[in-house]
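K.L.:
Heads up: the protein sequence lines correspond to chains A and B, in order. Counting from 0, one number per residue, gives the positions in the first sequence under numbering that gives the first Met the number 0. Counting from 0, one number per residue, gives the positions in the second sequence under numbering that gives the first Met the number 0. Following this message is one structure expressed as structure tokens.
Protein chains: 2
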Amino acid sequence: MGSPSAAASWKQLVLSSIQSNSHLNHSSFLQIASVASNGRPSNRTVVFRGFQDDGHKIQINTDSRTHIDDLKHCPFAEICWYFTNIWEQFRIGGQVDVIDGTNSDPFKLQQRERSWFACSLKSMMQYLAPAPWLLFASEQQPTETPTLDSFMSSVGVFCLLVLNLGQVDYLNLKSNERLIFTAGQDGSGETHWSVEKVNP
Amino acid sequence: MGSPSAAASWKQLVLSSIQSNSHLNHSSFLQIASVASNGRPSNRTVVFRGFQDDGHKIQINTDSRTHIDDLKHCPFAEICWYFTNIWEQFRIGGQVDVIDGTNSDPFKLQQRERSWFACSLKSMMQYLAPAPWLLFASEQQPTETPTLDSFMSSVGVFCLLVLNLGQVDYLNLKSNERLIFTAGQDGSGETHWSVEKVNP
Chain A
0 MGSPSAAASW KQLVLSSIQS NSHLNHSSFL QIASVASNGR PSNRTVVFRG
50 FQDDGHKIQI NTDSRTHIDD LKHCPFAEIC WYFTNIWEQF RIGGQVDVID
100 GTNSDPFKLQ QRERSWFACS LKSMMQYLAP APWLLFASEQ QPTETPTLDS
150 FMSSVGVFCL LVLNLGQVDY LNLKSNERLI FTAGQDGSGE THWSVEKVNP
Chain B
0 MGSPSAAASW KQLVLSSIQS NSHLNHSSFL QIASVASNGR PSNRTVVFRG
50 FQDDGHKIQI NTDSRTHIDD LKHCPFAEIC WYFTNIWEQF RIGGQVDVID
100 GTNSDPFKLQ QRERSWFACS LKSMMQYLAP APWLLFASEQ QPTETPTLDS
150 FMSSVGVFCL LVLNLGQVDY LNLKSNERLI FTAGQDGSGE THWSVEKVNP
């Protein structure tokens with residue numbers, strides 16, 4: 000069935016699951032799958048950084064030295080977010096906008112800068128560390144010596160991912176219910192959501 | 000560096016993480032990514048069903064009406080297994096052997112049968128339920144009426160997935176260490192593992 004409130008409805012389910020798990024530090028951790036340039040799947044844990052501008056796009060921070068090559072090869076991703084305590088799973092698929100420091104859109108650069116300053120100092124430090132997956136050298140130093148100045152603007156490898164959602168598959172294993180929310184566009188290009196109840 | 004004990008070593012890390020999280024019901028839940036036939040990534044939560052015959056292959060049960068089409072299209076998968084309490088992540092990639100009731104290998108059929116009888120009654124019931132993702136009909140009945148006989152042999156849609164591991168990426172966010180274990184074959188076709196310490 001088509002429904003103007005379907006978008007509000009899936010987002011309400013996500014927010015409600017976050018709320019009822021807010022006492023658990025790890026409730027903001029989710030797994031994001033992408034497709035590597037060799038065509039094989041890739042999967043990793045990331046942190047949910049909120050909905051962009053209180054809308055319906057999901058924000059994730061990452062290091063451009065990690066899975067960005069995957070996303071350049073295939074811009075689609077699927078999040079799997081399982082709330083273990085309440086037995087609820089969200090599988091959220093969509094297209095990813097990769098926003099690094101070279102982006103030509105001033106608005107997107109501003110979003111990226113805002114995400115940078117929302118990071119903890121510990122998170123910021125990670126982006127100054129030696130490149131992930133390169134052979135570890137016990138003597139190596141961080142690529143930049145962190146000073147207060149280092150953090151006054153976002154570092155080059157800091158990357159904001161914005162997931163433009165195409166489908167939300169909500170599974171509740173307690174009530175044994177499954178809802179599929181699907182995004183579509185109407186004649187004027189506006190996104191609208193429809194929802195179907197399917198077998199779990 | 001090449002090392003004969005590298006396989007033992009990554010498996011020991013997995014077993015140790017399982018052990019230290021055994022008080023948490025959800026510690027056996029992991030996310031498995033595959034590539035759908037449209038080339039997009041797919042991601043879902045499944046349950047770790049142990050190592051096959053105490054070896055190095057990972058077993059997962061699934062319903063052939065779910066992501067098996069993905070695996071027929073692209074037989075590779077990547078598991079992401081995050082142990083939230085101890086801050087340890089395993090990303091485990093490899094090729095998946097899909098064993099359903101039509102498999103021609105008697106040994107594999109035996110493995111599948113063994114996995115079936117290791118299921119709880121509740122798990123078994125799921126395989127008798129109406130097909131996942133089909134439109135929910137409030138009046139529908141299970142496709143088979145479960146009787147004791149129903150469970151005396153595995154049902155048709157029950158599927159054993161066996162992941163033949165190619166790489167294990169172990170990340171410890173407490174000690175800030177990352178190890179990459181890679182499988183290779185020697186001249187006689189035996190699998191051997193090498194391990195490298197890389198930047199986290």
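Each residue gets a CB set at the ideal place from its N, CA and C atoms; glycine is no exception. Since we're looking at a predicted model, the values are computed, not measured.
1) Rounded to whole angstroms, what's the CA-CA distance from S153 (chain B) to A117 (chain B)? Just pull it up for me.
2) Using a beta-carbon distance below 7 angstroms, is S41 (chain A) in contact with chain B?
3) Can you tell me the Cβ-Cβ gap for A76 (chain B) and L162 (chain B), rounded? I've got them flagged as a contact below 8 angstroms.
4) Take N42 (chain A) and list the residues in its own chain whose beta-carbon comes closer than 7 angstroms to its own, dropping the five residues that flank it on each side.
5) Quick check: the stretch 119 to 137 of chain B against the stretch 55 to 66 of chain B, are there 3 or more CB pairs under 8 angstroms?
6) Figure out for me which residue from B:G92, B:F28, B:L120 and B:I67 has the closest Cα to the Cα of T83 (chain B).
7) If you measure from the beta carbon of C158 (chain B) to each beta carbon in chain A, is any gap under 7 angstroms?
8) R64 (chain A) bridges to which residues according to DSSP?
9) Measuring only the C-alpha atoms, how far is P3 (chain B) from W192 (chain B)?
10) Take the Cβ of D53 (chain A) as the centre, count every other Cβ of all protein chains shown within 10 Å, and call the residue buried at 16 or more, exposed below.
11) In three-state DSSP terms, what is I17 (chain B)?
12) So, at 6 angstroms on beta carbons, what are the nonlocal neighbours of T181 (chain B) in its own chain, with the 5 sequence-adjacent residues on each side left out?
13) Ends of the alpha helix (DSSP H) at R113 (chain A)?
14) Rounded to the nearest angstrom, what separates L134 (chain B) and N175 (chain A) at their Cα positions?
15) Could you spell out the range, first to last residue, of the alpha helix (DSSP H) harbouring L120 (chain B)?
16) For R177 (chain B), tell me which candidate among B:S114, B:E87 and B:C158 has the shortest Cα-Cα distance.
17) Considering only residues of the stretch 36 to 63 of chain A, which uninterrupted beta strand (DSSP E) runs meet the minimum length of 3 residues and lie entirely inside it, listed in chain order?
18) Hey, E189 (chain B) and I179 (chain B): beta-carbon distance below 7 angstroms or not?
19) Could one say the Cβ of L134 (chain B) lies closer than 7 angstroms to chain A's Cβ atoms, at least one of them?
20) To the nearest angstrom, report how far apart R90 (chain A) and L120 (chain A) are at their CA atoms.
21) Is S187 (chain B) buried or exposed, if buried means 16 or more other CB atoms sit within 10 Å of its CB?
22) Use the C-beta contact count for D168 (chain A): other C-beta atoms within 10 angstroms, 16 or more gives buried, fewer gives exposed.
23) Assign Q184 (chain B) to buried or exposed, taking buried as 16 or more other Cβ atoms, counted over all protein chains shown, within 10 Å of its Cβ.
24) Less than 7 angstroms between CB atoms is the rule here; does Y81 (chain B) satisfy it with respect to chain A?
P.N.:
Taking the coordinates as given:
1) 11 angstroms
2) yes
3) 6 angstroms
4) Q30 and A32
5) yes
6) B:F28
7) no
8) Looking at the DSSP assignment, R64 (chain A) forms no beta bridge with any residue, so it has no partner.
9) The predicted position of P3 (chain B) is uncertain, since its pLDDT is 49 and thus under 50; a value taken from the coordinates is nonetheless stated next. Those two C-alpha atoms are separated by around 7 angstroms.
10) exposed
11) helix
12) Q166 and S193
13) P105 to F116
14) 14 angstroms
15) L120 to Q125
16) B:E87
17) 40 to 46 and 57 to 62
18) no
19) yes
20) 31 angstroms
21) exposed
22) buried
23) exposed
24) yes
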